[in-house]
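Here the sequence shown stands for residues 1 to 91, where the numbers follow full-length UniProt numbering. To start, the structure itself, in structure tokens.
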Amino acid sequence: MSPLATALQACDMLLIDGLHAFDFTADEAGLTVECMDGRQLRRWSFTPEQIAAAIATGDEWQLDDANGAHRLVCMSAFRAPDDEQDEPHLD
Numbered sequence: 001m002s003p004l005a006t007a008l009q010a011c012d013m014l015l016i017d018g019l020h021a022f023d024f025t026a027d028e029a030g031l032t033v034e035c036m037d038g039r040q041l042r043r044w045s046f047t048p049e050q051i052a053a054a055i056a057t058g059d060e061w062q063l064d065d066a067n068g069a070h071r072l073v074c075m076s077a078f079r080a081p082d083d084e085q086d087e088p089h090l091d
């Protein structure tokens, strides 16, 4: 597994070309990403070969496809606990 593929398995949010994306799938078929840019739905798709060829610079990755170079950052999103018992009751 490539370093980027490993990083993708551990993250739950991406920053791609300056846009935050929560809707992405990284598996043996590659990487697909969708997010809204204003009113426009943006989609990216990368093959396993493109993921393996990604170049790391610090915490940023450069992926190339037919449309050119893309900047990708793997991030962890902060999430509120789902358990309501953690919240104090306001009486």
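We put the CB at the ideal spot given by N, CA and C, even for glycine. Predicted, not measured: the structure shown is a model, and the values here were computed from it.
Partner residues in the beta bridge of Arg71, as assigned by DSSP, are Gln62.
DSSP places Glu49 in the uninterrupted alpha helix (DSSP H) bounded by Pro48 to Ala52. Bounds of the alpha helix (DSSP H) holding Ala7 are Pro3 to Ala10. In the three-state scheme derived from DSSP, where H, G and I count as helix and E and B as strand, Ser76 is classed as coil. In the structure shown, the three-state DSSP call for Asp17 is coil.
Shown here, Ala26 sits in a strand according to DSSP, grouped into three states. Classified as exposed, Ala10 has fewer than 16 neighbouring CB atoms from the shown chains inside 10 Å of its CB.
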